[in-house]
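Undergrad: Under numbering that gives the first Met the number 0, the very last position in the sequence shown is 346; numbers go up by exactly one each time.
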Amino acid sequence: MASDENGFVKNYSNVEIDLVDEELIQKQTLMLIKDLRPEWREESISFKTFSNGITNRVFQVTHIAEPAEHLVFRVFGKNTEKVIDRQLKTISRLEKVGIAAPLHAKFSNGIVCGYLDGEPIDCKSVREPKIVDKICDAMARMHQVPLTTGEKPFILDKMRQFLENIPKSFKTDKENVLYQRYFGSNDLTEQFEHLKQLLTALNQPVVFCHNDLLINNILYDKNNDKVNFIDYEYADANYQLFDIANHFCEYAGVDEPDYSLHPSKEEQQIFIQKYLLYFLNRDPVQEEVDEMLSTVPFFEAAAHFFWALWALVQAGNSTIDFDYLKYAVIRHKMFAKIITQCKCIFG
0 MASDENGFVK NYSNVEIDLV DEELIQKQTL MLIKDLRPEW REESISFKTF SNGITNRVFQ
60 VTHIAEPAEH LVFRVFGKNT EKVIDRQLKT ISRLEKVGIA APLHAKFSNG IVCGYLDGEP
120 IDCKSVREPK IVDKICDAMA RMHQVPLTTG EKPFILDKMR QFLENIPKSF KTDKENVLYQ
180 RYFGSNDLTE QFEHLKQLLT ALNQPVVFCH NDLLINNILY DKNNDKVNFI DYEYADANYQ
240 LFDIANHFCE YAGVDEPDYS LHPSKEEQQI FIQKYLLYFL NRDPVQEEVD EMLSTVPFFE
300 AAAHFFWALW ALVQAGNSTI DFDYLKYAVI RHKMFAKIIT QCKCIFG
């Protein structure tokens, strides 16, 4: 985890990069680049937006030379100091086992990393057999990252944190009406307590998870025929099945999720078989596959509930143009549907 000749990550604590204004973003970035890469000529620098995440922005800065060099900037939203510190630790952890790109610098609201080759997959390619195989391999390698003593599933504490930070009111009357109309009849705290009891009782293995494997966070490198994961904001110890179940939920896409794209039981079984082959370094027995397959819906419900709470918090805090409240309703409805199918009735 280094960028300078002394092997330390450069710290630009006085630099803040805008999230919205393209012209200002480039101006601020160039000021940082002049120190980070003084040999780069400004006229040979290009910018490419990699993803406009719904809580952050990722863009690539390239020095068009021979050979070309790329840097990836990840700019976070409000109150991101703790997020950045966690990312630094996570990237360091993953870099040691050859999973993450090197970290070059941090600034007040973001980080600068090396470039991982590849293009984001989409709702069609995510289910292609070759891509599925690569995702299973990459996920298994991440799940094999050693945990330290005492690490426990982060999802429970994180959901409680979200609950405590849901705003009492939102920015517009329309949002307040929608929140009361839908969530006014839902006791989210009680639902969380029931879900916590359920997940604890399932007693599933805990591993180091990505926790946010939506399709935009999975890159396919065609030249090297491999998959890379990006965006480690939520990477942490968690239930092994959460990563798998959450990924299945993300087959639907982000901006306008279409849950008819959810993988079939047959597709889920193929995925789990391949994943276990890489994770266990042996062919799984059918009982192992069946046990995971039957437990996946509980963690899909957990994933929908987690992101519904997340979206409610973002609805009150984020400056990014995204209908978080509508998204929260969509995810919570899926939670309610799946938990009912699991024959778990919440008050």
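Using N, Cα and C, we set each Cβ at its ideal position, and we do this for glycine too.
1. Just verifying my parser: in three-state terms, what is the DSSP assignment at G183?
2. Is it true that the CB of V71 sits closer than 8 Å to the CB of I16?
3. Of all the options Q203, K129 and A100, which has the alpha carbon lying nearest to the alpha carbon of L115?
4. Between which two residues does the alpha helix (DSSP H) carrying C248 extend?
5. Is the beta carbon of F161 less than 8 Å from the beta carbon of L308?
6. Exposed or buried, M30, counting other C-beta atoms within 10 Å across all chains shown (16 or more means buried)?
7. DSSP puts L385 in a beta bridge; with which residues?
8. So, for G241: in the same chain, excluding its five sequence neighbours on each side, which residues have a beta-carbon less than 8 Å away from its beta-carbon?
9. What is the residue span of the alpha helix (DSSP H) that P135 lies within?
10. According to the neighbour-count rule (16 or more other Cβ atoms, all chains shown, within 10 Å of its Cβ), is L275 buried or exposed?
11. CB-CB under 7 Å to F169, same chain, minus the five flanking residues each way: which ones, in chain order?
12. When you compare the CB positions of V205 and N237, do they come within less than 8 Å of one another, or not?
13. Does DSSP classify R330 as helix, strand or coil?
14. What is the DSSP secondary structure of V8, reduced to helix, strand or coil?
15. With respect to the beta strand (DSSP E) encompassing S218, which residues constitute its N-terminal and C-terminal limits?
16. I need the straight-line Cα distance from A335 to M158, nearest angstrom please.
17. Please confirm whether H142 and F270 have their CB atoms less than 8 Å apart.
18. Just list the residues that DSSP pairs K357 with in beta bridges.
19. Alpha helix (DSSP H) containing T278: first to last residue?
20. Alpha carbon to alpha carbon, what distance is there between L311 and T171?
TA: Per the coordinate set shown:
1. Taking the sequence shown and counting its residues from 1, the one referred to as residue 183 is at position 184. If DSSP states are grouped into helix, strand and coil, G183 belongs with coil.
2. To locate residue 16, count along the sequence shown from 1; it is residue 17. To locate residue 71, count along the sequence shown from 1; it is residue 72. In this structure, V71 does not lie closer than 8 Å to I16 by Cβ.
3. As a first step, residue 115 must be located in the sequence shown, where it is residue number 116. That would be A100, whose Cα lies nearest to the Cα of L115.
4. Here the question's residue 248 lines up with position 249 in the sequence shown. C248 -> alpha helix (DSSP H) spans Q239 to C248.
5. One-based indexing of the sequence shown puts residue 161 at position 162. One-based indexing of the sequence shown puts residue 308 at position 309. Yes, the Cβ-Cβ distance between F161 and L308 is below 8 Å.
6. Position 31 of the sequence shown, counted from the first residue, corresponds to residue 30. By the 10 Å Cβ count, M30 comes out exposed.
7. Since the first and last residues shown for the chain are 0 and 346, residue 385 lies out of range.
8. The sequence position of residue 241 within the sequence shown is 242, counting from 1. Reading off the sequence shown, one finds Phe at residue 241, where the question assumed Gly. Answer for F241: P152, I154, C208, N210, F298, A301 and A302, listed in chain order.
9. On the sequence shown, residue 135 is found 136 positions in, with the first residue counted as 1. With the sequence shown as reference, residue 135 is identified as Cys, and Pro is not the correct amino acid for it. Per DSSP, C135 belongs to the alpha helix (DSSP H) from P128 to H142.
10. Numbered from 1 along the sequence shown, position 276 holds the residue referred to as residue 275. With 16 or more Cβ atoms within 10 Å of its Cβ, L275 is classed as buried.
11. For this step, residue 169 is matched to residue 170 along the sequence shown. Excluding positions up to five away in sequence, the list reads N175, Y178, A314, G315 and L324.
12. Along the sequence shown, read from residue 1 onward, the residue named residue 205 stands at position 206. Along the sequence shown, read from residue 1 onward, the residue named residue 237 stands at position 238. Yes.
13. Taking the sequence shown and counting its residues from 1, one reaches residue 330 at position 331. Residue state, collapsed to three classes: helix.
14. As a first step, residue 8 is located in the sequence shown; it is residue number 9 there, counting from the start. It is coil, neither helix nor strand.
15. Sequence index remark: in the sequence shown, residue 218 carries index 219 (1-based). The sequence as given places Leu at residue 218; Ser does not occur at that position. L218 -> beta strand (DSSP E) spans I217 to D220.
16. For the purposes of this step, residue 335 is identified with residue 336 of the sequence shown, where counting begins at 1. For the purposes of this step, residue 158 is identified with residue 159 of the sequence shown, where counting begins at 1. About 16 Å.
17. For the purposes of this step, residue 142 is taken as residue 143 along the sequence shown, with counting starting at 1. For the purposes of this step, residue 270 is taken as residue 271 along the sequence shown, with counting starting at 1. No, they are not a contact pair.
18. Only positions 0 to 346 of the chain appear in the structure, and residue 357 is not among them; the question remains open.
19. Sequence index remark: in the sequence shown, residue 278 carries index 279 (1-based). Sequence inspection shows Phe at residue 278; the Thr mentioned does not correspond to that position. Looking at the DSSP string, the run of the alpha helix (DSSP H) that includes F278 is K264 to L279.
20. Translated into the one-based positions of the sequence shown, residue 171 becomes position 172. Translated into the one-based positions of the sequence shown, residue 311 becomes position 312. Answer to the nearest angstrom: the Cα atoms are 14 Å apart.
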